[in-house]
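In what follows, a single structure is set out as structure tokens and then discussed.
There are 2 protein chains.
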Amino acid sequence: MSSGRLSTTSYVVLGTIGLRGPSTPYDLKRAVGHSVGYFWSFPHAQLYSEPERLERMGLLEVETEQTGRRRKVYSLTDEGREAVRAWLAAPTHEHFEMRDIAEMKLFFNELGDSGNIVNLAREQIKQHEERISVYEDMQRRFGSEPKYARRMIPLRLGLEMERAALRFWSSIAEEF
Amino acid sequence: MSSGRLSTTSYVVLGTIGLRGPSTPYDLKRAVGHSVGYFWSFPHAQLYSEPERLERMGLLEVETEQTGRRRKVYSLTDEGREAVRAWLAAPTHEHFEMRDIAEMKLFFNELGDSGNIVNLAREQIKQHEERISVYEDMQRRFGSEPKYARRMIPLRLGLEMERAALRFWSSIAEEF
DNA sequence: ATCGCATCGTCTGTTTCGGACCATGGGCGA
DNA sequence: TCGCCCATGGTCCGAAACAGACGATGCGAT
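Line by line, the protein sequences give chains A and B.
Residues 1 to 176, numbered by this note's numbering, are exactly what the first sequence covers, in order.
Residues 1001 to 1176, numbered by this note's numbering, are exactly what the second sequence covers, in order.
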């Protein structure tokens, strides 16, 4: 029951266990991979080490499977549940950070050949179109199930961002 | 002239020096702070240590000021300039990552009180409105100067993203 | 001349990151 | 029923990123 600060990673682990119920690190890795991982990626090694830390802090408890690989299954303790609730209730003054290599390259493009821009734009158009179709698929498949409806809300934000980016890069591709 | 991989930080340093000319780490910190730092932030300590690394790699050269604080002034070598050009010319398959705490909280909101959403939305509306006015200001001040015109292009993307986010959170605030 | 403070820079411990690499055991062919 | 393949599941490591406290320095006003 040691202490320490909780990072975003911590809340992703706690939150995901909260939503899915008792989970192994591998479960977390998969769940994160097709949910929040789309906009904020976490190295999988983190999803193995973080639960250990949270268990030491008393926010999770472990149980070892009795069969097969005897994997460790983590579940929320009352403290863990409370930590998530407190986090959700706390104000969020942070602004998002949009780490975008393409935008970087566009910013510095004067230092290279101007022909680079068109290729950059074309590739981004492709990326965003692909992503949009993934998101639309998710929306089609789960959007109507009441059980998942609330979790689909952030997807709308994701879609809007993708569409804004797609519009932008399309206009760049035309201009240059 | 050791070697090693170049990270995004490396290109930000090389690129910024390319745009501004010879710079001290402090110059870099300031320049980054009101340019790419808006969408991708770098701890300032990095902007002090990275130039050293790049100098060891032969991509930058140092000169020490003869007066005052005798600060180190870094400039691009031919190899450095070439490294940036190669980076700009290389394809970018990566998709942006949008690290957004608010979106995280929205995703996990079922685990807390539903009243949290409205507060979250309100705060985000404020954040995005503020950011939009900062960007619009930049556009007003530098948008017309031909010298900076090209560097202002990515700002349009930033603005579109902000406006998309603002629309999203406004709709959330209304729905809940 | 000195003091105040904006400018400028360093240091430290921790977490993140990417990716190579390792281990396990259930099912399938012989 | 053996064994071996390979998808599933997990560990490890070195390098970089990170936050933020703290330290230094010189210039301008009094």
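Every residue gets a Cβ at the ideal spot worked out from N, C-alpha and C, and that includes glycine.
Inclusion of residue 1092 (chain B) and residue 105 (chain A) in the CB contact set at 8 angstroms is warranted, their separation being smaller than that value. The way I'd put it, the region 125-137 of chain A doesn't touch the region 1123-1142 of chain B; fewer than three beta-carbon pairs between them come closer than 8 angstroms. The beta carbons of residue 119 (chain A) and residue 1088 (chain B) sit no closer together than 8 angstroms.
If you draw a 10 Å sphere on the C-beta of residue 1124 (chain B), you find 16 or more other C-beta atoms in it, and that means buried. In chain order, 1024 and 1065 place their CB closer than 6 angstroms to the CB of residue 1071 (chain B), counting only its own chain and leaving out the 5 sequence neighbours on each side. Taking a beta-carbon distance threshold of 8 angstroms, residue 65 (chain A) does not count as an interface residue toward chain B. Taken in chain order, the members of the region 90-112 of chain A whose beta-carbon sits within less than 7 angstroms of a beta-carbon on chain B are 91, 92, 93, 94, 95, 96, 97, 98, 99, 100, 101, 102, 103, 104, 105, 106, 107, 108, 109, 110, 111 and 112. Spanning the alpha carbons of residue 142 (chain A) and residue 30 (chain A) requires a straight line of approximately 17 angstroms.
If you draw a straight line from the Cα of residue 1085 (chain B) to the Cα of residue 1055 (chain B), it comes to about 18 angstroms. Taking the Cα positions, residue 1063 (chain B) is about 12 angstroms away from residue 1052 (chain B). Contacts between residue 1031 (chain B) and chain A, judged by CB atoms closer than 7 angstroms, are missing: the closest CB pair is about 11 angstroms apart.
One thing to note: residue 1097 (chain B) has its Cβ within 8 angstroms of the Cβ of residue 41 (chain A). Interface residue (Cβ-Cβ distance to chain B less than 8 angstroms): residue 123 (chain A) is classified as such. When 7 angstroms is used as the limit between beta carbons, residue 1120 (chain B) is near these residues of chain A: 92, in chain order. A straight line joining the alpha-carbon of residue 1121 (chain B) with that of residue 151 (chain A) spans about 16 angstroms. At a cut-off of 8 angstroms between C-beta atoms, residue 1077 (chain B) does not count as an interface residue with respect to chain A. Residue 19 (chain A) has a beta carbon lying within less than 8 angstroms of a beta carbon in chain B. Residue 1126 (chain B) is not bridged by DSSP to any residue. Cβ contact annotation for residue 1044 (chain B) (same chain, cutoff 6 angstroms, sequence separation greater than five): 1029, in chain order. Distance from the CA atom of residue 11 (chain A) to the CA atom of residue 130 (chain A), rounded to whole angstroms, is 29 angstroms. Against chain B, the CB of residue 39 (chain A) has a partner CB under 8 angstroms away; the residue lies at that interface.
In the three-state scheme derived from DSSP, where H, G and I count as helix and E and B as strand, residue 1141 (chain B) is classed as helix. Residue state for residue 47 (chain A) is assigned as helix, using DSSP reduced to three classes. For residue 1032 (chain B), the enclosing alpha helix (DSSP H) has its first and last residue at 1025-1033.
In the DSSP assignment, residue 1038 (chain B) falls outside any beta strand (DSSP E) and carries neither an H nor an E. Minimum Cα-Cα distance from residue 148 (chain A) among the listed residues A:9, A:113, A:5 and A:20 corresponds to A:20. Within 8 angstroms of the CB of residue 1150 (chain B), the CB atoms of chain A belong to 109 and 110, in sequence order along the chain. Put simply, the backbone Cα of residue 1061 (chain B) is about 38 angstroms away from that of residue 1162 (chain B).
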